[in-house]
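Colleague: Here the protein sequences come in this chain order: A and B.
Each position in the first sequence, counted from 1, maps to that position plus 11 in the numbering used here.
Each position in the second sequence, counted from 1, maps to that position plus 49 in the numbering used here.
Even glycine gets a Cβ: it sits at the ideal position worked out from N, Cα and C.
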Amino acid sequence: MVAYIIRRVIVGLLMLVAMSFIVFALFMKNPVDPAQFSCGRNCPPERIEETRQALGYDQPLMVQWSSFLKGVVVGREYPADEKMREANPELVTECAAPCLGFSQQLQMTVNEEIAEAAPISISIALVAVVIWVIFGVLFGVLAAVFKGTLVDRGVVGATLSLYAFPTFFVGALLINFVAIKWGLFPAPGYVPIAEGGVGQWLLQLLLPGFTLAAVYMAGYVRMTRAFVLESMSEDYIRTARSKGVKGGKVLFKHALRAALTPLVTMFGLDFAAVLGGAIITEEVFNYYGLGKLAVTANETFDLPTIVGLVLLLGALVIVANIIVDILYAFIDPRVRVA
Amino acid sequence: MTDLSKTHEATPATGGAFLSVRDLKVHFSTSDGIVKATDGLSFDLERGKTLGIVGESGSGKSVSSSAIMGLHRGTNAKLSGEILLDGVDLLKVSNEEMRKRRGRDVAMIFQDPLSAMHPYYTVGNQIMEAYQVHNDVTKREARKRAIEMLDRVGIPQPDRRVDDYPHQFSGGMRQRAMIAMGLINNPSLLIADEPTTALDVTVQAQILDLLQDLQRDFDAAVIIITHDLGVVAEMADDVLVMYAGRAVEYGPCKEILTHPQMPYTWGLLSSVPDLTASTEAKLLPIRGNPPSLLNPPPGCAFEPRCDHVAKVGGDLCRTTLPDLTPATSGGNHTKRCHIKNADKVYEAEILPEIAPDLVED
């Protein structure tokens with residue numbers, strides 16, 4: 012098991028290295044000049060050259076990439092050009108390992124950007140995950156138990172129509188009616204736990220959390236319904252019933268337990284994806300999380316931020332995959348021996 | 050609880066057999082029409098005796114036994130008739146009452162023990178669950194009982210193996226564990242649905258031996274469902290041959306195996322390889338396939354596959370369903386066939402084909 016995890020981690024790291032190279036290469040082969048963007052619209056040519064040197068865009072692709080990797084491992088200093096650092100020591104910015112880069116546009120390291128935006132995204136993701144997993148599985152089981160009846164059709168239909176609405180529509184609807192017109196919730200705005208306590212934090216996250224959860228919930232309802240129905244038709248369910256086990260226990264101890272395995276797989280990947288930022292939800296509610304950061308970085312051609320975010324998201328998915336695989340061993344005893 | 054103990058102590062109403070199934074019908078309504086999986090099945094079984102139910106796949110064997118277990122409750126199956134167990138009609142008791150009887154009074158073991166056991170729980174956990182459902186005991190007591198039962202069914206080192214998962218058991222051991230699970234509450238009726246079909250031949254014999262042994266100890270009535278006449282010959286006191294949801298021949302095991310009077314039974318016998326038979330003996334498969342239960346033939350259900358229709362004459366076989374009537378050889382032997390002198394046809398035509406050496410003697 013340990014050897015297996017180590018192997019998975021090494022493969023994951025190699026994938027991240029490859030990913031960073033691909034992002035770098037794609038970015039550099041782009042017809043747009045990143046130095047121009049970093050410098051601003053009315054930038055004179057010599058300033059552009061200066062910016063190019065400061066960010067290291069004058070170097071060949073391989074050099075830039077290797078100094079990026081070096082920064083991740085041991086940290087680095089900005090501006091990238093050594094002579095410039097010596098000329099203006101007051102401008103030098105330390106970027107400790109794992110340094111993901113320095114954004115000229117925002118005048119801070121990518122690590123700092125992420126440290127600022129990540130708590131917001133993680134908060135929304137946590138609230139959304141709790142909502143969609145609890146209600147998704149609950150409604151899924153309900154639909155499976157009442158298969159073919161009005162309850163089944165109602166639950167599946169309702170979640171599907173919720174899913175069919177675009178996220179920005181659901182979000183805007185919630186803001187305009189629930190928050191502003193009816194005043195049931197305070198106007199959206201992120202409040203950290205340190206400032207407003209858990210209650211305030213949670214209250215401010217319910218609307219965006221629900222908006223994000225609405226998309227995923229439909230999938231979980233359908234999947235849970237299908238997996239529970241499948242396991243309910245298994246022979247071991249008939250065995251449990253013929254032992255005289257009560258209906259509820261047959262459903263939850265025997266059927267749902269077996270349906271858990273595929274759900275955990277889905278959950279791991281989905282959770283990693285929303286941790287990396289819910290772009291539309293954050294945009295609609297104007298929460299400055301990782302998703303909004305990514306959108307801004309793309310609009311302003313902020314290479315270091317984009318590379319940093321891509322790698323972060325990639326790392327999250329890879330880690331989630333490894334965790335899911337390890338979880339399998341706990342869920343399914345047949346995997347444990349291998 | 051009060052009504053439970055009342056029904057449990059109820060004395061047999063009619064003084065009939067321990068298990069008495071009367072005109073059992075299990076019909077499923079589908080979008081294509083009504084599927085008559087079991088259509089008017091009757092039999093009796095005493096404690097300590099074994100009934101073998103034989104037939105092809107889809108002949109209604111498993112559906113009938115599931116009906117006795119009450120496993121059709123909550124499905125779209127329509128059941129009618131009577132299933133009297135110790136005088137109580139299992140079709141009339143409430144769902145909760147039936148649940149309490151399941152595993153306690155009536156237990157069932159299934160064909161494929163790998164899929165019949167939950168892959169995520171230990172063997173011990175699953176056996177303990179069967180005990181704890183019906184007995185108010187601590188986990189420790191249930192575990193002790195489970196280890197006892199595993200030991201009783203011949204699992205080596207039961208105190209260690211109790212914590213194994215089903216996939217860590219061999220096929221034979223899994224079926225032993227299933228038997229332990231079925232018998233842990235000392236049920237008065239055990240239904241074994243093709244208990245040896247998924248097992249090696251050598252293991253099959255062990256399992257059958259174990260079942261016989263346990264039946265003696267527990268004095269249980271046993272229904273063994275199989276398509277293997279070898280198993281029937283080994284185990285059963287009575288035999289019920291089923292075809293297309295109906296009994297086509299029913300009687301004492303020895304009588305059925307030596308004087309079968311229904312062409313379908315002849316076909317089953319011809320399909321069994323016999324180790325001691327001469328190499329001239331032929332294996333004669335029954336031609337064709339079992340009829341659709343959705344739209345069964347109007348007369349005898351076996352008529353389309355029967356080689357002996359000409360012996361009856363006229364359209365009788367095609368138009369009229371024969372009744373279950375006493376066989377010419379007497380005894381408690383009944384058969385569902387229009388052929389008048391079936392016994393003679395068997396001796397003259399069938400026996401020489403399947404066991405030529407027997408005829409010469």
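Which residue comes first and which comes last in the alpha helix (DSSP H) that contains Glu283 of chain B?
Modeller: The count along the second sequence starts at 1 and reaches residue 283 of chain B at position 234. Counting along the chain, the alpha helix (DSSP H) containing Glu283 of chain B begins and ends at 278-284.
Colleague: So Gly23 of chain A and Ile333 of chain A are supposed to be a Cβ contact under 8 angstroms. How far apart are they, rounded?
Modeller: For this step, residue 23 of chain A is matched to residue 12 along the first sequence. For this step, residue 333 of chain A is matched to residue 322 along the first sequence. Approximately 7 angstroms separates the beta-carbon atoms of Gly23 of chain A and Ile333 of chain A; this is inside 8 angstroms, confirming the contact.
Colleague: I'd like to know whether the C-beta atoms of Asp88 of chain B and Ser69 of chain B end up nearer to each other than 7 angstroms.
Modeller: On the second sequence, residue 88 of chain B is found 39 positions in, with the first residue counted as 1. On the second sequence, residue 69 of chain B is found 20 positions in, with the first residue counted as 1. No. Outside cutoff.
Colleague: Report the rounded CA-to-CA distance for Thr79 of chain B versus Leu343 of chain B, giving the unit in angstroms.
Modeller: By 1-based counting over the second sequence, the position of residue 79 of chain B is 30. By 1-based counting over the second sequence, the position of residue 343 of chain B is 294. Straight-line Cα distance between these residues: approximately 9 angstroms.
Colleague: Using a Cβ-Cβ cutoff of less than 7 angstroms, which residues in the same chain neighbour Ala183 of chain A once the five nearest sequence positions on both sides are dropped?
Modeller: Looking up residue 183 of chain A in the first sequence gives position 172. Short of 7 angstroms from the beta carbon of Ala183 of chain A, and not among the five residues preceding or following it, lie these beta carbons of its own chain, in chain order: Val295.
Colleague: I'd like to know whether the C-beta atoms of Gln400 of chain B and Arg385 of chain B end up nearer to each other than 7 angstroms.
Modeller: To locate residue 400 of chain B, count along the second sequence from 1; it is residue 351. To locate residue 385 of chain B, count along the second sequence from 1; it is residue 336. A small correction: the amino acid at residue 400 of chain B is Leu; Gln does not occupy that position in the sequence shown. No, the pair does not count as a contact, with Cβ atoms beyond the cut-off.
Colleague: Which of the residues in the region 244-269 of chain A, read from start to end, lie with their CB under 9 angstroms from any CB of chain B?
Modeller: Glu245, Asp246, Tyr247, Ile248, Arg249, Thr250, Ala251, Arg252, Ser253, Lys254, Gly255, Val256, Lys257, Gly258, Lys260, Lys264, His265, Arg268, Ala269
Colleague: Give me the chain E residues within the contact set of Asp281 of chain A, using Cβ-Cβ distance strictly less than 7 angstroms, ordered along the chain.
Modeller: Among the chains of the structure shown, chain E does not appear; the protein chains present are A and B.
Colleague: Run through the DSSP bridge pairs and tell me what Phe113 of chain A is partnered with.
Modeller: On the first sequence, residue 113 of chain A is found 102 positions in, with the first residue counted as 1. DSSP, once it has assigned bridges, lists A:Thr120 as partnering Phe113 of chain A.
Colleague: Is there contact between the region 152-163 of chain B and the region 225-236 of chain B, where contact requires at least three CB pairs shorter than 8 angstroms?
Modeller: yes
Colleague: Strictly below 8 angstroms CB to CB, what residues from chain A border Ser411 of chain B?
Modeller: In this structure chain B extends from 50 to 410, so residue 411 of chain B is not present and cannot be described.
Colleague: Quick one: Cα of Lys264 of chain A to Cα of Phe157 of chain A, how far?
Modeller: Counting from one through the first sequence, the residue named residue 264 of chain A turns up at place 253. Counting from one through the first sequence, the residue named residue 157 of chain A turns up at place 146. Each residue's Cα considered, the two are about 18 angstroms apart.
Colleague: What residue from A:Ser77, A:Phe32, A:Ala14, A:Gln118 has the CA that sits closest to Ala308 of chain A's CA?
Modeller: As a working note, residue 308 of chain A is residue 297 in the first sequence. Comparing Cα-Cα distances from Ala308 of chain A to each of A:Ser77, A:Phe32, A:Ala14, A:Gln118, the minimum goes to A:Gln118.
Colleague: Hey, Ser114 of chain B and Ile335 of chain B are a contact pair by Cβ (cut 8 angstroms); roughly how many whole angstroms apart?
Modeller: Walking along the second sequence from the start, residue 114 of chain B turns up at place 65. Walking along the second sequence from the start, residue 335 of chain B turns up at place 286. So it is not a contact: roughly 23 angstroms between Cβ atoms.
Colleague: Once DSSP output is grouped into helix, strand and coil, what is the label at Ile272 of chain B?
Modeller: Residue 272 of chain B sits at position 223 when you count from the first residue of the second sequence. Of the three classes helix, strand and coil, the one that applies to Ile272 of chain B here is strand, per DSSP.
Colleague: Would His387 of chain B and Gly300 of chain B qualify as a contact pair, given that the criterion is a beta-carbon distance under 7 angstroms?
Modeller: On the second sequence, residue 387 of chain B is found 338 positions in, with the first residue counted as 1. On the second sequence, residue 300 of chain B is found 251 positions in, with the first residue counted as 1. It is not a contact, given that the beta carbons lie outside the stated cut-off.
Colleague: Determine the DSSP secondary structure at Arg151 of chain B, reduced to helix, strand or coil.
Modeller: The count along the second sequence starts at 1 and reaches residue 151 of chain B at position 102. If DSSP states are grouped into helix, strand and coil, Arg151 of chain B belongs with the strands.
Colleague: Would you say Arg151 of chain B lies against chain A (beta-carbon separation less than 7 angstroms)?
Modeller: Your numbering for residue 151 of chain B matches position 102 in the second sequence. Taking Cβ atoms only, chain A reaches closer than 7 angstroms to Arg151 of chain B, which makes this a yes.
Colleague: Do Gly300 of chain A and Val228 of chain A have their beta-carbon atoms positioned less than 7 angstroms apart in this structure?
Modeller: Residue 228 of chain A sits at position 217 when you count from the first residue of the first sequence. Residue 300 of chain A sits at position 289 when you count from the first residue of the first sequence. Residue 228 of chain A is actually Met in this sequence, not Val. Against a cut-off of 7 angstroms, the Cβ pair of Gly300 of chain A and Met228 of chain A comes out as no contact.
Colleague: Going by beta carbon distance, what residues of the same chain come within less than 6 angstroms of Tyr68 of chain A, once the five residues before and after it are set aside?
Modeller: As a first step, residue 68 of chain A must be located in the first sequence, where it is residue number 57. These residues qualify, in order along the chain: Pro45, Ala46.
Colleague: Starting from Pro301 of chain B, follow its DSSP beta bridges and name the residues at the other end.
Modeller: Here residue 301 of chain B refers to the residue found at position 252 of the second sequence. DSSP, once it has assigned bridges, lists B:Asp287 as partnering Pro301 of chain B.
Colleague: Buried or exposed: which applies to Val34 of chain A, given that a residue is buried once 16 or more other Cβ atoms fall within 10 Å of its Cβ?
Modeller: Here residue 34 of chain A corresponds to residue number 23 of the first sequence, with the count starting at 1. Label assigned to Val34 of chain A: buried.
Colleague: Nearest to Ala241 of chain B by CA position, among B:Thr124, B:Gly107, B:Ile102, is which residue?
Modeller: Looking up residue 241 of chain B in the second sequence gives position 192. Ranking B:Thr124, B:Gly107, B:Ile102 by CA distance to the CA of Ala241 of chain B puts B:Ile102 first.
Colleague: Would you list the residues sitting across from Pro375 of chain B in a DSSP beta bridge?
Modeller: Here residue 375 of chain B corresponds to residue number 326 of the second sequence, with the count starting at 1. Per DSSP, B:Thr383.
Colleague: For the region 172-198 of chain B, which residues have a beta carbon sitting closer than 7 angstroms to at least one beta carbon of chain A?
Modeller: Glu178, Ala179, Val182, His183
Colleague: Taking the alpha-carbon positions, what's the Ile132 of chain B to Leu213 of chain A distance?
Modeller: To locate residue 132 of chain B, count along the second sequence from 1; it is residue 83. To locate residue 213 of chain A, count along the first sequence from 1; it is residue 202. Approximately 59 angstroms between the Cα atoms of the pair.
Colleague: Between the region 137-150 of chain B and chain A, which residues of the former have a C-beta closer than 7 angstroms to a C-beta of the latter?
Modeller: Arg148, Lys149
Colleague: Report the rounded CA-to-CA distance for Leu306 of chain B versus Leu260 of chain B, giving the unit in angstroms.
Modeller: Start at 1 with the first residue of the second sequence, and residue 306 of chain B comes out as number 257. Start at 1 with the first residue of the second sequence, and residue 260 of chain B comes out as number 211. Their Cα atoms are separated by approximately 21 angstroms.
Colleague: Run down chain B in chain order and give the residues with a C-beta less than 9 angstroms from the C-beta of Val343 of chain A.
Modeller: The residue labelled residue 343 of chain A in the question sits at position 332 within the first sequence. According to the sequence as given, residue 343 of chain A is Asp; it is not Val. When 9 angstroms is used as the limit between beta carbons, Asp343 of chain A is near these residues of chain B: Pro168, Tyr169, in chain order.
Colleague: Could you name the residues of the same chain whose beta carbon sits closer than 6 angstroms to that of Glu304 of chain B, not counting the 5 residues immediately before and after it, in chain order?
Modeller: Position 255 of the second sequence, counting from 1, holds the residue named residue 304 of chain B. The answer, listed in chain order, is Gly380, His382.
Colleague: Between A:Glu293, A:Glu88, A:Gly279, A:Arg249, which has its C-alpha nearest Asn99 of chain A's C-alpha?
Modeller: Within the first sequence, numbered from 1, the residue matching residue 99 of chain A stands at position 88. It is A:Glu88 whose Cα lies nearest to the Cα of Asn99 of chain A.
Colleague: Buried or exposed: where does Thr124 of chain B fall if 16 or more other Cβ atoms within 10 Å of its Cβ makes it buried?
Modeller: Locating residue 124 of chain B in the second sequence gives position 75, counting from the first residue. Exposed, by the Cβ-count rule.
Colleague: Quick one: what does DSSP say His167 of chain B is sitting in, helix, strand or coil?
Modeller: Within the second sequence, the letter at position 118 stands for residue 167 of chain B. Note: His167 of chain B maps to coil in three-state DSSP.
Colleague: Quick one: what's got a C-beta closer than 6 angstroms to Ala224 of chain A's C-beta in the same chain, skipping five residues either side?
Modeller: What you label residue 224 of chain A is simply residue 213 of the first sequence in a count that begins at 1. Same-chain partners within the cutoff: Ala139, Ile142, Trp143.
Colleague: Return the chain-ordered list of same chain residues with a C-beta closer than 7 angstroms to the C-beta of Asp208 of chain B, the five sequence neighbours on each side being excluded.
Modeller: Position 159 of the second sequence, counted from the first residue, corresponds to residue 208 of chain B. Ile196, listed in sequence order.
Colleague: With three or more beta-carbon pairs closer than 8 angstroms as the criterion, would you say the region 269-289 of chain B touches the region 236-255 of chain B?
Modeller: yes
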